[in-house]
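Here's the structure we're looking at; comments come further down.
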Amino acid sequence: MEKIWSGFYKKNREERLNVIKNANLLDESHLELIEKNVVLDYETANNMVENVVGTFSLPFSVVPDFVVDDKTYLVPLVTEEPSVVAACNNAGKIVATSGGFKTTIHDRKMIGHVALYDIKDAENAEKIILENKALLLATANEAYPSIVKRGGGACDIDVKILSENETTFVVVYLVVDTLEAMGANMLNTMLEAIKVSLETLTGGISLMAILSNYATSSLITTKCEIPFDKLTSKDNGEDLAKRIELASKFAKIDVYRAATHNKGIFNGIDSIVIASGNDWRAVEAACQSYAAKNGRYEGLSTWTCNFENKTLIGELTLPMPVASVGGSIGINPSVKLARHLLKNPNAKTLASIIVSVGLAQNLAALRALVGEGIQKGHMKLHAKSLAILAGATNDILDEVVDKLRKEKHMNLATAKKIVEEILD
Ligand code: NDP
Numbered sequence: 364m365e366k367i368w369s370g371f372y373k374k375n376r377e378e379r380l381n382v383i384k385n386a387n388l389l390d391e392s393h394l395e396l397i398e399k400n401v402v403l404d405y406e407t408a409n410n411m412v413e414n415v416v417g418t419f420s421l422p423f424s425v426v427p428d429f430v431v432d433d434k435t436y437l438v439p440l441v442t443e444e445p446s447v448v449a450a451c452n453n454a455g456k457i458v459a460t461s462g463g464f465k466t467t468i469h470d471r472k473m474i475g476h477v478a479l480y481d482i483k484d485a486e487n488a489e490k491i492i493l494e495n496k497a498l499l500l501a502t503a504n505e506a507y508p509s510i511v512k513r514g515g516g517a518c519d520i521d522v523k524i525l526s527e528n529e530t531t532f533v534v535v536y537l538v539v540d541t542l543e544a545m546g547a548n549m550l551n552t553m554l555e556a557i558k559v560s561l562e563t564l565t566g567g568i569s570l571m572a573i574l575s576n577y578a579t580s581s582l583i584t585t586k587c588e589i590p591f592d593k594l595t596s597k598d599n600g601e602d603l604a605k606r607i608e609l610a611s612k613f614a615k616i617d618v619y620r621a622a623t624h625n626k627g628i629f630n631g632i633d634s635i636v637i638a639s640g641n642d643w644r645a646v647e648a649a650c651q652s653y654a655a656k657n658g659r660y661e662g663l664s665t666w667t668c669n670f671e672n673k674t675l676i677g678e679l680t681l682p683m684p685v686a687s688v689g690g691s692i693g694i695n696p697s698v699k700l701a702r703h704l705l706k707n708p709n710a711k712t713l714a715s716i717i718v719s720v721g722l723a724q725n726l727a728a729l730r731a732l733v734g735e736g737i738q739k740g741h742m743k744l745h746a747k748s749l750a751i752l753a754g755a756t757n758d759i760l761d762e763v764v765d766k767l768r769k770e771k772h773m774n775l776a777t778a779k780k781i782v783e784e785i786l787d
């Protein structure tokens with residue numbers, strides 16, 4: 364743990380920037396971006412999407428000392444929700460002092476499909492498609508030669524016959540190594556190219572040709588192993604560890620809990636995915652569908668106790684189709700800054716950090732939830748939001764928050780009353 368980061372949360376912005384400067388994490392141009400708070404300008408925004416009338420801001424925070432695969436990162440998080448950054452910070456430190464997160468990258472490919480219908484003999488169509496695999500892969504690669512030149516490209520084809528109420532689809536899955544890109548546009552271009560050949564080969568009609576966000580060929584596993592006594596300073600931590608294991612079992616069997624369990628994981632994941640300029644809808648779609656891979660929606664993480672070693676072991680496997688190039692990654696100055704803080708990771712390393720942030724966030728939530736309860740920590744931070752909503756300006760904000768936290772009913776009406784009393 365580097366001492367320079369201690370008490371980072373108590374410092375003002377200038378002091379925080381000085382810490383970052385002294386840690387030599389940013390070159391001059393990136394320091395300027397952060398110091399001047401350079402954000403997306405209107406002209407750039409207007410070239411990114413349609414009907415632009417302005418830009419929209421969110422808080423940009425950092426979490427120091429986050430250890431993944433023996434490397435220490437300063438993690439950028441973009442979120443509007445109080446307590447997410449503090450939770451990531453807290454759990455990240457516990458894991459960092461326990462050896463950090465260790466990740467395994469299972470594969471890094473994307474899948475797209477062409478759905479064909481009106482085929483008289485589906486089994487025969489499947490046979491013909493598989494016999495023409497080499498031709499179809501060549502057609503896909505000819506449609507997007509630059510990815511092949513870079514060392515990637517279409518590498519496999521699979522076929523499934525799926526039926527629903529007397530309608531049969533022959534679905535052709537194309538697997539593509541998209542290298543550093545997420546690959547949606549690449550896949551869509553390739554799929555539209557093979558669609559014509561598939562119609563000719565099978566006599567069927569293509570319904571659609573599109574990337575699938577169920578990115579099961581981009582799986583990453585992150586793990587951590589925490590000594591029981593690092594989980595809490597109150598006792599030896601064994602009871603808390605057992606309760607965290609129970610919470611993870613509970614989230615596997617109760618969909619009401621699973622949804623919230625996973626939402627906690629995505630408090631962290633969405634925040635870093637947004638900061639890194641990636642498509643967070645694609646990541647959400649991939650991971651939420653992966654949560655239902657066993658036929659029912661389940662909690663995504665698993666926590667188990669090792670009583671011999673007196674450790675709690677956490678594990679999270681997710682599809683993480685993120686990129687280091689493409690989309691808006693090279694365009695938004697805040698994204699450039701976030702990537703620089705992360706030491707410009709490639710797509711696989713970025714995915715490893717992201718999944719680890721998800722597991723950290725999950726640990727923080729479960730630790731609070733089965734320990735002292737989630738509200739104590741949450742309401743502390745919520746008090747600040749209430750005070751601002753009640754009209755507290757910076758000069759009285761701390762006083763309002765202090766008073767509000769002592770009140771039995773912490774709500775907007777109480778916050779307004781306190782602000783009025785102070786201003787009277
Ligand atoms: P791009 O269309 O931006 O393609 C990636 C770009 O990165 C290409 O221009 C490629 O160059 C370039 N590149 C540079 N270096 C590399 C490298 N080492 N490896 C790979 N590419 C490299 O993005 P994607 O195809 O990745 O598509 C992602 C975008 O599509 C996102 O904005 C996403 O929001 C959107 N999208 C998502 C959908 C979904 O999720 N269902 C559907 C449709 C769109 P070159 O051309 O020279 O190869």
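Read in order, the letters of the sequence shown correspond to residues 364 to 787 in the numbering used here. All C-beta atoms, glycine included, are put in the ideal place defined by N, C-alpha and C. Given the structure is predicted, the values throughout are model-derived calculations rather than measurements.
Here residue 516 carries a strand assignment [DSSP, helix/strand/coil]. Excluding the 5 residues flanking it on each side, residue 453 has same chain C-beta neighbours closer than 7 Å at 727, in chain order. Here the distance from the Cβ of residue 642 to the nearest heavy atom of ligand 1 is below 7 Å. At a threshold of 7 Å, residue 416 does not count as near ligand 1, since its beta carbon sits no closer than that to any of the ligand's heavy atoms. Residue 677 is bridged by DSSP to 587, 666.
Residue pairing by DSSP places residue 371 in no beta bridge whatsoever. DSSP places residue 476 in the strand class (E or B) of the three-state scheme. DSSP places residue 706 in the coil class of the three-state scheme, outside both helix and strand. Distances from the CB of residue 505 to the heavy atoms of ligand 1 are all 7 Å or more. Our two residues, residue 478 and residue 500, have alpha carbons roughly 17 Å apart in a direct line.
Between residue 540 and residue 516, the gap from beta carbon to beta carbon is short of 8 Å.
If you draw a straight line from the Cα of residue 602 to the Cα of residue 657, it comes to about 30 Å.
Around the beta carbon of residue 679, a 10 Å sphere encloses 16 or more other beta carbons of the protein chains shown; the residue is thus reported as buried. Classified as exposed, residue 659 has fewer than 16 neighbouring CB atoms from the shown chains inside 10 Å of its CB. Taking non-hydrogen atoms of ligand 1 into account, the C-beta of residue 513 is found less than 7 Å away from one of them. Below 8 Å, too few C-beta pairs join the stretch 433-442 and the stretch 548-558 to call them touching: fewer than three.
DSSP, read as helix, strand or coil, puts residue 526 in strand.
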